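Data first, discussion second: the structure below is written as structure tokens.
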Amino acid sequence: MKKMKDLPLSAKTVQDRTAKMSSYVTHMQVEDIQLVSALSLAIDESCDIKDTAQGTLFVSILAKALCHRQFKDFLVEIDSQFSDLLLHNKVRFLSRGNVLQRFALCLTEIKTFLNEKSIDHPELEEHKWLQKLNFMLDTTMKLNALNLKLQGKGNPAYALLEEVVCFEKKLLLFVEDTESSKLLHFKNLKQYRDETNATIDTNYFSIALKT
315 MKKMKDLPLS AKTVQDRTAK MSSYVTHMQV EDIQLVSALS LAIDESCDIK DTAQGTLFVS
375 ILAKALCHRQ FKDFLVEIDS QFSDLLLHNK VRFLSRGNVL QRFALCLTEI KTFLNEKSID
435 HPELEEHKWL QKLNFMLDTT MKLNALNLKL QGKGNPAYAL LEEVVCFEKK LLLFVEDTES
495 SKLLHFKNLK QYRDETNATI DTNYFSIALK T
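All residue numbers for the sequence shown refer to this note's numbering, where the first residue is 315 and numbers rise by one.
Structure representation (structure tokens):
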């Protein structure tokens with residue numbers, strides 16, 4: 315809740331965030347390149363208006379492409395309703411919730427595929443981890459809904475502030491919902507509990523919502 319109160323709403327927020335993300339991406343690219351065992355470079359040269367040669371260096375990186383293609387083929391083979399995992403979204407601020415949702419929907423297929431490849435990820439069978447996954451899915455979708463309301467041109471500052479204040483009040487409702495174990499506002503977590511009869515650590519999720 316404190317983090318929601320500290321949510322920046324200034325006009326420079328998007329600009330500052332873009333600059334920070336750009337710096338982080340550059341840092342991660344350098345780290346990834348330093349870890350590879352081999353490099354393939356492509357250089358494109360052209361001349362500017364002063365006939366001075368300008369060179370552009372391209373570095374293309376794709377991790378575990380073969381495994382990804384095999385997983386896509388596996389989804390087709392078992393006639394899954396999905397043809398692939400959702401790895402990104404055209405609208406950046408919606409990506410996290412949508413990617414998590416697709417991952418959760420494909421979880422059975424993912425576990426089957428990993429077992430066939432003898433790839434061990436025991437957390438995919440752990441109740442605590444799966445509870446956190448479903449809780450995260452529910453909360454990120456709620457944040458997506460808030461983000462949508464904060465987007466667009468012409469929204470006055472007071473209207474944006476009202477949306478944030480309203481969401482803060484909803485957080486109190488969400489805390490009560492988890493503490494009562496009803497989970498009326500956490501449909502994925504509730505569905506997981508109903509299907510598995512798992513004991514939900516409501517105290518953990520209540521604390522997570524308060525911080």
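Positions of the beta carbon are idealized from the N, C-alpha and C atoms, including for glycine. Computed from a predicted model, the values in this text were never measured in an experiment.
Query	Result
Length of the line joining the Cα atoms of residue 518 and residue 369	54 angstroms
Residue 435 in three-state terms, based on DSSP	coil
Cβ neighbour criterion (16 or more within 10 Å) applied to residue 445	buried
Proximity of residue 498 and residue 491 at Cβ, strictly below 7 angstroms	yes
Cα-Cα separation between residue 330 and residue 513, rounded to whole angstroms	42 angstroms
Neighbourhood of residue 520 by C-beta distance below 8 angstroms, restricted to the same chain and skipping five residues each side	489, 492, 493
Exposure label - residue 366; buried when at least 16 CB within 10 Å	exposed
Alpha helix (DSSP H) segment containing residue 478, residue limits	471–493
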